[in-house]
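Enquirer: Every letter in the sequence shown is one number past the one before it in the numbering used here, and letter 24, counting from 1, is 28. Glycine included, C-beta positions come from ideal geometry on N, C-alpha and C. Computed from a predicted model, the values in this text were never measured in an experiment. Have a look at the structure that comes next, please.
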Amino acid sequence: MTIEEMRQTVHAWTKQSYAEHLFAGTSGNLSAYDADSGIMVITPTSRPYETILPEDMVAMKLDGTVLEGKWKPSSEWRLHAELYKAFPEAGAVVHTHSPYATGFAVAHQPIPCILIEMVPFLGGGVPLADYATPGTNEVGTYAAAAMQGGHYGCLMANHGAVAIGKDLEQAHIRAVYIEDAARICAYAKGIGTVHTMSEENIQDMIRVAAENAKK
Ligand SMILES: [Zn+2]
5 MTIEEMRQTV HAWTKQSYAE HLFAGTSGNL SAYDADSGIM VITPTSRPYE
55 TILPEDMVAM KLDGTVLEGK WKPSSEWRLH AELYKAFPEA GAVVHTHSPY
105 ATGFAVAHQP IPCILIEMVP FLGGGVPLAD YATPGTNEVG TYAAAAMQGG
155 HYGCLMANHG AVAIGKDLEQ AHIRAVYIED AARICAYAKG IGTVHTMSEE
205 NIQDMIRVAA ENAKK
């Protein structure tokens, strides 16, 4: 993919995510990464999403070297860079401050595996990463540590949520499912006891999905 194509894609998914209230103000940030060229295209820092344009996206290396861009990259570019280093299969990162997921992050509660969709889309429950000072490498290394064991996203204590994917379409839908799971879990907590899916339920789902894929 060319830098121009990456800019267009990051811009399109940023506009959609903002319209879906996955983040507010100038918070939240998205990126795409091309492992062949080592180039990451990321949203700029502190630009209003209502008027943001594809050319506002910043092309940079994972070491912080800016290649092309009118603006500074997102102040959380290290979060994105650390996740690409930790998960070589990742080609996109979506970092949100979506309200229900962030509520769990503020309560320091992971989201248990409570819904069938969480198994294929999120790798089960959504773990909680330890608090890290914004703008540091630790924001990314703590998130990567929390996601070990096959999780596609995590909550970030007192901050928000993050999801990875092979492309922005996949990372975005995972970010949407994190928020959906958090909202439904919050409803269930208000109604009564939250019943998590058993390990047997989860393993059965994985087995049936694998069998059906072969047919
Ligand atoms: Zn953030």
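1. Hey, is the region 157-165 in contact with the region 127-145, meaning 3+ C-beta pairs nearer than 8 Å?
2. Please state whether the Cβ-Cβ distance between Thr100 and Gly29 is less than 7 Å.
3. Does ligand 1 have even one heavy atom less than 6 Å from the beta-carbon of Gly164?
4. Can you grab the Cα-Cα spacing for the pair Ser102 / Phe125, in whole Å?
5. Identify, in the order they occur along the chain, each residue of the same chain with its Cβ nearer than 8 Å to the Cβ of His15, setting aside the five sequence neighbours on each side.
6. Helix, strand or coil for Pro124, going by three-state DSSP, please let me know.
7. For Pro48, which residues does DSSP report across the bridge?
8. Indicate the three-state DSSP secondary structure (helix, strand or coil) for Gly158 in the structure shown.
9. If the criterion is Cβ atoms closer than 7 Å, does the pair Ala185 and Arg178 meet it?
10. Tell me the DSSP bridge mates of Met64?
11. What separation, rounded to the nearest whole angstrom, lies between the Cα atoms of Ile210 and Glu72?
12. Using C-beta distances below 8 Å, list every residue in its chain close to Ser21, excluding the 5 sequence neighbours before and after it, in chain order.
13. What is the residue span of the beta strand (DSSP E) that Ala39 lies within?
14. Using a Cβ-Cβ cut-off of 6 Å (strictly less than) and excluding sequence neighbours within five positions of Phe108, which residues of its own chain qualify?
15. Is the beta carbon of Ala36 less than 7 Å from the beta carbon of Ala96?
16. Hey, would you say Ala39 sits closer than 7 Å to Leu66, going by beta carbons?
17. Could you pull out every unbroken alpha helix (DSSP H) segment of at least 4 residues lying fully inside the region 85-117, listed in chain order?
Expert: According to the data block:
1. yes
2. Along the sequence shown, read from residue 1 onward, the residue named residue 100 stands at position 96. Along the sequence shown, read from residue 1 onward, the residue named residue 29 stands at position 25. Contact annotation: Thr100 and Gly29 have beta-carbon atoms that are not nearer than 7 Å.
3. Here the question's residue 164 lines up with position 160 in the sequence shown. Yes; taking the cut-off as 6 Å, the Cβ of Gly164 has a heavy atom of ligand 1 nearer than that.
4. Position 98 of the sequence shown, counted from the start, is the residue given in the question as residue 102. Position 121 of the sequence shown, counted from the start, is the residue given in the question as residue 125. If I take the Cα positions, the gap works out to 17 Å.
5. The residue you call residue 15 lines up with position 11 of the sequence shown. Ile56, Leu57, Pro58, Asp60, Met61.
6. Here residue 124 corresponds to residue number 120 of the sequence shown, with the count starting at 1. It is helical.
7. The count along the sequence shown starts at 1 and reaches residue 48 at position 44. Within the DSSP secondary-structure output, Pro48 pairs in a beta bridge with Pro77.
8. Residue 158 sits at position 154 when you count from the first residue of the sequence shown. Gly is not the amino acid found at residue 158; the sequence shown has Cys there. The answer is strand: DSSP assigns Cys158 an E or B state.
9. Here residue 185 corresponds to residue number 181 of the sequence shown, with the count starting at 1. Here residue 178 corresponds to residue number 174 of the sequence shown, with the count starting at 1. Contact: no.
10. Start at 1 with the first residue of the sequence shown, and residue 64 comes out as number 60. Met44, Val70, per the DSSP bridge assignment.
11. For this step, residue 210 is matched to residue 206 along the sequence shown. For this step, residue 72 is matched to residue 68 along the sequence shown. Straight-line measurement puts the Cα of Glu72 at about 43 Å from the Cα of Ile210.
12. Counting from one through the sequence shown, the residue named residue 21 turns up at place 17. Within the same chain, Ser21 has close Cβ partners Phe27, Gly32, Leu34, Val98, Thr100, His176, Ala179.
13. If you number the sequence shown from 1, residue 39 lands on position 35. No beta strand (DSSP E) holds Ala39; DSSP gives it neither H nor E.
14. Here residue 108 corresponds to residue number 104 of the sequence shown, with the count starting at 1. Taken in chain order, the residues that qualify are Ile115, Leu159, Ala186.
15. Numbered from its first residue, the sequence shown carries residue 36 at position 32. Numbered from its first residue, the sequence shown carries residue 96 at position 92. Yes. Within cutoff.
16. Stepping through the sequence shown from its first residue, residue 39 is reached at position 35. Stepping through the sequence shown from its first residue, residue 66 is reached at position 62. In this structure, Leu66 does not lie closer than 7 Å to Ala39 by Cβ.
17. Whole alpha helix (DSSP H) segments, 4+ residues: 103-110.
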